[in-house]
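Going by the UniProt record's numbering, the first residue of the sequence shown is number 1, and it counts up by one from there.
Beta carbons: idealized from backbone N, C-alpha and C, even for Gly.
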Amino acid sequence: MTASPPRSRWKTGVGLLLTGLMLFPVYWMINVSFTRDQDMRATPPHLIPTDGTLDGYRAVLDQQLPYLGTSFLVGLGTVALTLALAAPAGYALAKLRPPGGPALSFVLLIAQMIPGIIMAMGFYAVYLHLGALNTLPGLILADSTLAVPFGVLIFTAFMSGIPDELLQAAVVDGAGRLRTFWSVVLPVSRNSIVTVSLFAFLWSWSDFIFASTLAGGGDHQPITLGIYHYIGNNNQQWNAIMATAVVASVPAAVLLVLAQRYVSTGVTAGAVKD
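Dropping the structure here:
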């Protein structure tokens, strides 16, 4: 039975209200990014920056571009390393069914429950002896530890839905396991690849714990530390902080919009129902 028009309008109104409440912090971030320093403590606060300024965005262009570049490199490196490790592992668990596969899947699930600060301390002790502190490869490896267990579980679930007959047909045509994985399994697992890549990039892009612990004293620092440098005991440049946050949010928002169709299709339909 369809809902009556008044009830439908009531639900729509509640949905719009809740959406507005959830998006208000985003609006306030944008608002403050255009607000002058002398107007930050105005009472009542300015809901719209009547005398707006672009000083915060000028600070982004002058000071934050190296941090953004580092974040892009770390994000792309994390995606590449995650896919290189998680995709073959997911294929092996889903189709080759090695001994101890279920136990390994359980261990990967438990690994995602380990607090990041504990892992950061472990990495710090290891990197200190290896001389890998304040390096891009070290930060990429650390960020990948968040994404690889998730990626293996996602790839395993997706690739389990690939018909065995499809793989057997590739074997009949003379393809080995590696060729079957590369030429058959990966193309039909496009949605899972996009899903894992998206989350791996977003996790590395927003990481602060590993960045502050493992790269806080080096020349290659991501954007999360770039924002943090604006906050001090006697100096808090809120328009620059919020402007940097706005700029840093753009790549994540664009990726979410572009990948939404692949992620939703992969989750609901599986790898072979594209």
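Taking a 10 Å sphere around the C-beta of Gln64, we find 16 or more other C-beta atoms and assign the residue as buried. For Ile30, no pairing in a beta bridge is given by DSSP. The C-alpha of Leu178 lies about 38 Å from the C-alpha of Thr213.
Taken in chain order, the complete alpha helix (DSSP H) segments of 4 residues or longer contained in the region 147 to 225 are 164 to 172, 177 to 180, 190 to 206, 209 to 214. Contact check for Ala243 against Gly56 passes: the beta carbons are separated by less than 8 Å. Per DSSP, the unbroken alpha helix (DSSP H) holding Pro66 starts and ends at 65 to 91. Contact check for Thr53 against Phe72 fails: the beta carbons are separated by 8 Å or more. With contact defined as three or more Cβ pairs closer than 8 Å, the region 144 to 156 and the region 85 to 95 are in contact. In the structure shown, the three-state DSSP call for Ile114 is coil.
Taking the C-beta atoms as reference points, Tyr91 is found nearer than 8 Å to Met159.
If you draw a straight line from the Cα of Val254 to the Cα of Ala245, it is about 14 Å long.
For the pair Phe181 and Ala147, the CB atoms are not nearer than the 8 Å cut-off. Taken through DSSP and simplified to helix, strand or coil, Ile231 comes out as strand.
The C-beta separation of Val188 from Ile162 comes to about 6 Å, placing the pair in contact by the 8 Å criterion. In this structure Ala142 is in contact with Phe123, their Cβ atoms being roughly 5 Å apart against a cut-off of 8 Å.
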